[in-house]
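In the UniProt record's numbering, the protein residues as written are 1 to 216.
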């Protein structure tokens with residue numbers, strides 16, 4: 001199984017690269033300008049840089065050429081991009097709002113658009129979101145708003161890509177889960193099960209990991 005992670009620096013990336021034999025990950029040198037490199041992790045060893053990319057340059061076909069040349073496909077792509085500001089509405093500047101919008105919503109759009117041709121039929125897309133998208137997040141209105149938009153984006157993708165049997169789902173995680181000592185293990189376990197099990201009827205859904213918080 002080939003897995004592509006959208007952000008090599010995210011906390012789940014280290015756990016995923018340690019578990020799976022072969023993982024690809026994007027490492028951004030400049031997220032706001034869509035620039036970075038594609039790396040490959042094999043058996044949890046130090047990553048190997050494969051190719052640089054510029055997602056905002058329509059003339060840059062180096063990534064496409066490299067993927068075609070090496071006949072690479074990704075069975076599962078995991079959007080683990082996130083950007084938290086931690087500011088209230090009145091504290092959030094226009095630039096901060098735009099940065100959150102770009103990283104949490106626009107950048108996933110660009111990456112999926114660039115890589116969807118390399119996801120085989122019956123592949124899947126998994127987005128990491130937050131329960132803030134449902135319950136709101138006091139002190140970070142931009143993050144909550146843009147993660148909510150991401151969940152709608154995933155639902156639209158699930159319908160558009162259904163003709164190729166490509167599924168798109170969201171795993172929505174409570175901030176409290178990240179802070180619990182056993183939380184990270186449960187998150188990775190859920191990710192592994194979603195990656196490994198071919199659940200054809202699981203599509204367009206938001207899977208919530210929050211110990212029932214959003215029920216109240």
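Glycine included, every Cβ here is placed at the ideal spot set by N, Cα and C.
In the DSSP annotation of this structure, residue 164 is not part of any beta strand (DSSP E), being labelled neither H nor E. With distances taken between CA atoms, residue 110 lies nearest to 31 out of 120, 31, 69 and 183.
Our two residues, residue 170 and residue 101, have alpha carbons roughly 18 Å apart in a direct line.
Taking the Cβ atoms as the reference, residue 73 lies roughly 6 Å from residue 2, within the contact range of under 8 Å. By the neighbour-count criterion, in which a residue is buried when 16 or more other Cβ atoms sit within 10 angstroms of its Cβ, residue 131 is buried. With a cutoff of 7 Å on beta-carbon distance, residue 150 and residue 129 are scored as near each other.
Taking 7 Å as the cut-off, the Cβ atoms of residue 108 and residue 79 count as close. Annotation: residue 51 is outside any alpha helix (DSSP H); the continuous beta strand (DSSP E) that includes it extends over 48-54. Under the 10 Å beta carbon count, residue 133 is surrounded by 16 or more other beta carbons and is classified as buried.
Going by C-alpha positions, residue 140 is about 10 Å away from residue 83.
123 is the residue among 142, 123, 186 and 103 whose C-alpha sits nearest the C-alpha of residue 157. Excluding five sequence positions before and after residue 10, the CB atoms of its chain that fall closer than 6 Å to its own CB belong to 80, given in chain order. In this structure, DSSP gives residue 25 an extended state, which the three-state scheme calls strand. Within its own chain, the residues whose Cβ lies closer than 8 Å to the Cβ of residue 210, once the five positions on either side in sequence are excluded, are 131, 172, 173, 174, 176 and 177, listed in chain order. Comparing alpha carbon positions, the residue from 115, 95 and 17 closest to residue 85 is 95.
The criterion of a C-beta distance shorter than 7 Å is satisfied by residue 49 and residue 37.
Note: residue 87 is not bridge-paired with any residue in the DSSP secondary-structure output. The DSSP-derived three-state label of residue 208 is strand. Residue environment analysis places residue 185 among the exposed positions, since fewer than 16 neighbouring C-beta atoms fall within 10 angstroms of its C-beta. The distance from the Cβ of residue 203 to that of residue 146 is about 23 Å, inconsistent with a contact at the 8 Å cut-off.
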